[in-house]
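Taking it in order: structure first as C-alpha cells, then the write-up.
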Amino acid sequence: MSTSRVVVLSRLPGTAVERLDAVHDVTYRDEDTRPSRDDVHSLVAGADALVVTLGERVDAELLDAAGPGLRVVANVAVGYDNVDVDACRERGVVVTNTPGVLTDATADLAFALVLMVTRRLGEAERLVRTGRPWGWGMFQLLGVSVQGRTIGILGPGAIGLATARRARAFGMEVLLSGRSEPDPTAVAELGAEVVGTDALLERSDVVSVHTPLTPATRHLVDATALARMRDTAVLVNTARGPVVDEAALVAALEAGRIAGAGLDVYEDEPHVHPGLLGRDDVVLLPHIGSATVETRAAMADLAADNVLAVLGGEDPLTPVR
Ligand code: GLV
C-alpha cells in the first residue's frame, strides 16, 4: 500500500492517530480549539483522507480546498449533518460515520435526562450547591415516577431502541414512531406499539427524540407537535437540536403546554435559547451523548479503520448511505 496524506482536524483519544501514522503521512491538528476556515483550507490541501468531528463543516469549499485526490471523509460521529454528502458524492469522495459504537452511551444519556427531568435532579443539585437551607421534607422537590408511564421514541433506530430498552427496564410502556419500520424483533422484545407521530405525541408521558437531522425532520417537533403533547409530558432530545423548534419549545414551556424538557442538543450550538436558561423545568447538557472515554476511543478507532480500508482499496466499514 502506498503512503497517502491523512489530515486529522481535531484531537482524538486512544490510538487511532498512531495507527494511521504507522501507515500514512498524517497531519494531526492535536488541538481542541476550532481553526479558522482559512487555516482548515490550507491544512487539507492535497489530502487523500480527512478525519473530522462535529465541529467541522465539510462543504463544497472545503472539498475543493482539499483537491481532487481526496478519497474519504471519516466523520467521528454517527450524525453527519455537518458533511455535505451530495457534494462528496459528486466528487467521488466516500463518507463514513461511526454508528453502533456510541449507541449505549447515547441511550444512557437519554434515559439519564428522562430521570433528571422527571425527578427534578438538576434543580435538586442546585439547591444543595447554593447553600440554601434544606432538610428532609415530605413535600420537598417531588417529581413524578416513570413506572407505568409511556415513553414515545421518535426515530426508533439503534439509539432509539436502546433508549426504549432502558425505559422498559424502568417499567415504562413503549411507543415507537419513525420514517422506516423498526426492527420487528426489537418491537416484540419491547412489547412496543408502532404508531403514527401524532398518536405518539398525544399518548406519551415522555417524548424522546432520536431521528437524524434531515430536511424532513427539521422542526419535526414544532408548535403544532408540542400542542399535541400532554401538559404533563416532557420532551427529551439527544439527537440534533434543529429537530425541535427551540422558540416553540420555550413558548410551550412558558404556557405550561408541556411540563419540562431535557436537552443535550440545541438549534444553534453552542448558543442556547435564553428562554431556556433560567427555567427549573428544563435540564440542559452540552452535547455529551457519546462522551465516555471508551466510546470516544471506539469512535476514533472506527473512523481510522474506515480511512485505512478506503486508502487500502477496500470497502469502508461504515459508509454513509
Ligand atoms: C453525536 O452527536 C454524534 O452524532 O455522534
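Residue numbers (my numbering): 710 to 1030.
Ideal Cβ placement from N, Cα and C applies to all residues, glycine included.
* Asked: Just the Cα atoms here: how many angstroms apart are residue 787 and residue 1004?
  -> C-alpha separation (whole angstroms): 12 angstroms.
* **Those runs of the beta strand (DSSP E) which lie wholly inside the stretch 734-764 and span at least 3 residues** => List check, beta strand (DSSP E) in window: 734-737, 758-761.
* Asked: Is DSSP giving residue 967 helix, strand or coil here?
  -> Three-state DSSP puts residue 967 in coil, outside helix and strand.
* Asked: CB-CB under 8 angstroms to residue 859, same chain, minus the five flanking residues each way: which ones, in chain order?
  -> Only 881, 882, 883, 884, 912, 913, 914, 915 meet the Cβ criterion.
* **Within the stretch 816-873, ranges of the alpha helix (DSSP H) (whole runs, at least 4 residues)** => If only uninterrupted alpha helix (DSSP H) runs of at least 4 residues are considered, those enclosed by the stretch 816-873 are 830-838.
* Would the beta-carbon of residue 830 fall within 9 angstroms of that of residue 947? -> Here residue 830 is not near residue 947, since their CB atoms are 9 angstroms or more apart.
* State buried or exposed for residue 997, treating a residue as buried only when at least 16 other CB atoms are found within 10 Å of its CB. => Counting Cβ neighbours within 10 Å, residue 997 comes out exposed, since fewer than 16 surround it.
* Asked: Would the beta-carbon of residue 1008 be found less than 8 angstroms away from any heavy atom of the ligand SAH?
  -> The ligand content of the structure shown is limited to the ligand GLV, which means the ligand SAH is not among them.
* Buried or exposed: residue 891, going by 16 or more other Cβ atoms within 10 Å of its Cβ? -> If you draw a 10 Å sphere on the C-beta of residue 891, you find 16 or more other C-beta atoms in it, and that means buried.
* Any chance the CB of residue 786 is under 8 angstroms from a heavy atom of the ligand GLV? -> Yes; taking the cut-off as 8 angstroms, the Cβ of residue 786 has a heavy atom of the ligand GLV nearer than that.
* **Distance between residue 784 and residue 956 (C-alpha atoms, nearest Å)** => Taking the straight line from one Cα to the other gives about 29 angstroms.
* Around the C-beta of residue 864, are 16 or more other C-beta atoms found within 10 angstroms, so that it is buried, or is it exposed? -> Residue 864 counts as buried, since no fewer than 16 other beta carbons sit within 10 angstroms of its beta carbon.
* Would you mind giving the Cβ-Cβ distance between residue 723 and residue 1009, rounded to the nearest angstrom? I have them listed as a contact below 8 angstroms. => That belief holds up - the Cβ atoms of residue 723 and residue 1009 are roughly 5 angstroms apart, short of 8 angstroms.
* Asked: residue 977 bridges to which residues according to DSSP?
  -> Partner residues in the beta bridge of residue 977, as assigned by DSSP, are 980.
* So the beta strand (DSSP E) residue 1005 belongs to, where does it begin and stop? -> Per DSSP, residue 1005 is not a residue of any beta strand (DSSP E); the alpha helix (DSSP H) it occupies stretches across 1002-1020.
* Of the listed residues 1024, 781, 973, nearest to residue 796 (C-alpha basis) -> Of the candidates 1024, 781, 973, the one whose C-alpha sits nearest the C-alpha of residue 796 is 781.
* Asked: residue 920 and residue 929 look like a contact to me (Cβ under 8 angstroms); what is the Cβ gap, rounded to whole Å?
  -> The pair is a contact, with the Cβ atoms about 6 angstroms apart (cut-off 8 angstroms).
* Asked: To which residues of the same chain is residue 951 closer than 6 angstroms at the C-beta, ignoring the five residues directly before and after it?
  -> Leaving aside the five residues that flank residue 951 on each side, the residues in its chain whose CB is nearer than 6 angstroms to its CB run, in chain order, 922, 927, 976.
* Asked: Do the CB positions of residue 792 and residue 761 come within less than 9 angstroms of each other?
  -> Note that the C-beta distance between residue 792 and residue 761 is below 9 angstroms.
* Compute the beta-carbon to beta-carbon distance between residue 1020 and residue 713, rounded to the nearest angstrom, for a pair I have assumed lies under 8 angstroms. => The beta-carbon separation of residue 1020 and residue 713, rounded to 5 angstroms, stays under the 8 angstroms limit for a contact.
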